[in-house]
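Per my numbering, the sequence shown starts with residue 5, numbered consecutively. All C-beta atoms in this analysis are idealised placements derived from N, C-alpha and C, irrespective of residue type, glycine included.
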Amino acid sequence: MSRIKIVFVITSVLYFASCSSSRQVTTTNEQNVHPDLVKKEGILLNKKVDGFHGIWYMNQPLDNEYKFKYSGGMGTYCAKHNPFAIYRQEVDKTFFCYGGTNEDNSTLYHMVSYFDHKTGKVAKPTLVLDKQTIDAHDNPILSMDRQGYIYLFSTSHGRSRPSYVHRSAKPYDINKFVPVDATKIEDGKTVPMDNFSYMQTWYVPDQGYVSFFTKYNYPADRTICFMTSKDGKEWSAWNRIAAIQKGHYQISAVQHGTAASAFNYHPDTETKNGLNWRTNLYYVQTKDFGKSWQSVDGQKLDLPLTEVKNPALIHDYDSENLNVYLKDITFDPDGNPVVLYITSKGFEAGPKNDPRTWRIAHWKNGQWQINDITTSNNNYDTGSLFIERDGSWRLIAPTADGPQSYNPGGEIVMWISHDEGKTWTKVKQMTQGSPYNHNYARRPVQANPQFYSLWADGNGRQISPSSIYFCNQQGDVFRLPTKMNTKMMKPEKVN
5 MSRIKIVFVI
15 TSVLYFASCS
25 SSRQVTTTNE
35 QNVHPDLVKK
45 EGILLNKKVD
55 GFHGIWYMNQ
65 PLDNEYKFKY
75 SGGMGTYCAK
85 HNPFAIYRQE
95 VDKTFFCYGG
105 TNEDNSTLYH
115 MVSYFDHKTG
125 KVAKPTLVLD
135 KQTIDAHDNP
145 ILSMDRQGYI
155 YLFSTSHGRS
165 RPSYVHRSAK
175 PYDINKFVPV
185 DATKIEDGKT
195 VPMDNFSYMQ
205 TWYVPDQGYV
215 SFFTKYNYPA
225 DRTICFMTSK
235 DGKEWSAWNR
245 IAAIQKGHYQ
255 ISAVQHGTAA
265 SAFNYHPDTE
275 TKNGLNWRTN
285 LYYVQTKDFG
295 KSWQSVDGQK
305 LDLPLTEVKN
315 PALIHDYDSE
325 NLNVYLKDIT
335 FDPDGNPVVL
345 YITSKGFEAG
355 PKNDPRTWRI
365 AHWKNGQWQI
375 NDITTSNNNY
385 DTGSLFIERD
395 GSWRLIAPTA
405 DGPQSYNPGG
415 EIVMWISHDE
425 GKTWTKVKQM
435 TQGSPYNHNY
445 ARRPVQANPQ
455 FYSLWADGNG
465 RQISPSSIYF
475 CNQQGDVFRL
485 PTKMNTKMMK
495 PEKVN
C-alpha cells in the first residue's frame, strides 16, 4: 500500500472516531463539526505547490449507509461562496482559487492558480494561506479590481476563527500575496474586519466592491448582510438584509448596476427548528450600491426583513413542507433575475427525502415563473447556470448518479434550454465511470468558453484524495495535474 493510502486510512479512522465522539455538537450546531476544527490563526506561506489537491470534508455523521449529511471533495464548496474563478481578457487568463490540503488532509490550504488561454496550460498553484482548520466552510473566494490586483477573501465558519483579506503584490500575478488590514465601520468607528462567513464579493467597475456575507448571532443565528468598499480595504458598516427567526443562507449576483440576493430561511417553531430546516425562497435587490433596497417588482423594503411573509417572498415552500437549497443566481438579457435551487423533503441523505428537484425561478412578465429541470439524489448536488448570448440557457451540474449513490455529487451533466428555462434537454453526460462523485461545479465571472466551469471530486462515504477539474463550453472535461515538475503544464483530458 502506498504512503498516501496508508496516511488516508489512518486519518480516516481518527477523523471518523472524533466525529462520532462529538455527535451531539455536530447535530446541534454546524459551525462546530468536531473539536479539531477549531485551531489557531492562519499562516501566510506564499509558496508553490507541485500539483492540485482538493480538501476532503464531511458534515454531520448519520446512522445509515450514507454516513454523512454531506461529504466529499470540497475544493470549490460551498454555493454560498463566490466567485472562485474570474476570466480577464486583458491577459487572456482565468484566475481561480480553491480549498487545497496536504497529503494527509489535516489542514486547509488557500490556493490560487490560473489557466493561460493562449498556451492551454495551467500554472503551478500558490499556497497563500494555511487556514489551520479542516473545515471547508473556510474556503477562500477571490475578486479582482480594474488594475488586475487579485483579492483573496479567507472566510470563517462562524466566530471561532479569524478571517483574512490578502492582495496580490502585483497585478495579474499569483506568486506573492500581502495582508490587507481590512476595516469596517461599527457604531461610527473604524474597527478591524477580521471575521466574516459565506463571503460573496463582486467588483463593480468605477464603483468598487459589493459583498454579501453572513454574520452569526446578529441577531439571528445566521444573519445575512451587505457591505461595500471602494478599495477592498476600507469597508462600510455592515447592513443586515434579513434576520427572520433563526436566519438564512443566501446567494448573490451583480449585473448592470443591480446587486441582488436570493435566500431561504431557518424556521424556529415547535415542529421545524434548527439549521437543518431551510425553506421558502426570497429575493431582494439594490440599484444604488446598497443605499435603498427593493423587491423584484420595485416595492421599497425596510431592512432587515424580520417577517416570514414579506414582499421579497418568491414562493412559500414552508407550507409544502419542502426544504430549499440554493445553487446559483444570474440575470437574463433584460436584467431579470433567475434563481437556481433544489427542493427536497428533508436534510438527511438517502432516498427517503426524494425527490431532489432542480428548479428555476425566473422573473418574467411581472411574475415569478417556476419550472422544473430534472431530479438528482442529494440536497448538496451543486452546479451553475449559464445564460448565453445566443439565448441558450445551460446547466452544468452533477445530476447523474455517481459511484457513491445518494451522497453529494455524482456524474457531471450538461443540460440546455432554448425557451428561457421552461423545458430542458440533457445534451451530454460529461463524466462517467468515475471512482468518486464530482460536485460543486462553479461558474467563473465572465466565463471563457475554454474554461467554463470548475469543480472537484471525492469519495462520498470515506476520506479520499480529491482532484480539481474544469470543462469547456462544449462539455469536454480536464483534470488539473496532481504532480507538476514545471511552472506551467497542460491539464489531462478526461475521456
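At the level of alpha carbons, what is the spacing between residue i and residue j?
i    : j    : result
T486 : G425 : 37 Å
V417 : A401 : 6 Å
L326 : R363 : 13 Å
D306 : W297 : 7 Å
H161 : I138 : 11 Å
V95  : H319 : 43 Å
F230 : A140 : 22 Å
P453 : Q478 : 8 Å
T1   : A83  : Given a span of 5 to 499 for the chain in the structure shown, any question on residue 1 remains unanswerable.
I420 : G261 : 28 Å
F482 : V498 : 5 Å
K304 : A241 : 21 Å
P412 : S396 : 27 Å
N441 : K73  : 15 Å
D149 : N381 : 39 Å
G302 : S265 : 14 Å
S299 : M78  : 33 Å
I47  : W367 : 45 Å
Y153 : I90  : 12 Å
F88  : K356 : 33 Å
L146 : I255 : 16 Å
K349 : K128 : 43 Å
E311 : I248 : 6 Å
N268 : L131 : 34 Å
L66  : E352 : 8 Å
V288 : W459 : 28 Å
F293 : A263 : 7 Å
N277 : K250 : 8 Å
N443 : S409 : 13 Å
Q259 : F335 : 7 Å
G236 : I377 : 38 Å
H170 : L156 : 5 Å
L330 : K52  : 34 Å
T490 : T403 : 36 Å
E45  : L112 : 12 Å
E69  : N340 : 42 Å
If you reduce the DSSP assignment to three classes, tell me which class residue i lands in.
i    : result
H442 : strand
K356 : helix
D461 : strand
H366 : strand
D142 : helix
G104 : strand
Q254 : strand
D394 : coil
K97  : strand
Q373 : strand
K497 : strand
R447 : coil
L156 : strand
T379 : strand
F482 : strand
S388 : strand
C23  : Summary for C23: the model assigns pLDDT 41, below 50, so the residue's position carries little reliability, and this model does not support an answer.
T347 : strand
S409 : coil
From what residue to what residue does the beta strand (DSSP E) around residue i run?
i    : result
T194 : 193 to 196
I90  : 89 to 92
D120 : 112 to 120
F455 : Looking at the DSSP string, F455 is not in any beta strand (DSSP E), and its letter there is neither H nor E.
A246 : 243 to 246
P416 : What sits at residue 416 in the sequence shown is Ile, not Pro. Here the beta strand (DSSP E) through I416 covers 415 to 421.
D134 : 130 to 134
I472 : 472 to 475
Q433 : 429 to 433
K125 : 125 to 127
| message | At 3 residues or longer, what runs of the beta strand (DSSP E) sit wholly inside the region 256 to 344? | response | 262 to 269, 283 to 290, 317 to 319, 327 to 335
| query | Can you give, in chain order, each stretch of the beta strand (DSSP E) that sits fully within the region 38 to 85 and has at least 3 residues? | reply | 47 to 52, 60 to 65, 72 to 77
| beta strand (DSSP E) runs contained entirely in the region 158 to 212, provided each spans 3 or more residues | 168 to 172, 181 to 183, 187 to 190, 193 to 196, 201 to 208
| request: Go through the region 209 to 239 residue by residue and report every complete run of the beta strand (DSSP E) that reaches 3 residues or more, in order. | output: 212 to 220, 226 to 233
| said: Assess contact between the region 175 to 194 and the region 209 to 220, defined as three or more Cβ pairs (one per stretch) separated by less than 8 Å. Is contact present? | reply: no
| request: Could you tell me whether the region 387 to 396 touches the region 461 to 473, where touching means 3 or more Cβ pairs closer than 8 Å? | output: no
| request: Decide if the region 217 to 230 is in contact with the region 174 to 186; the criterion is three or more beta carbon pairs, one per stretch, under 8 Å apart. | output: no
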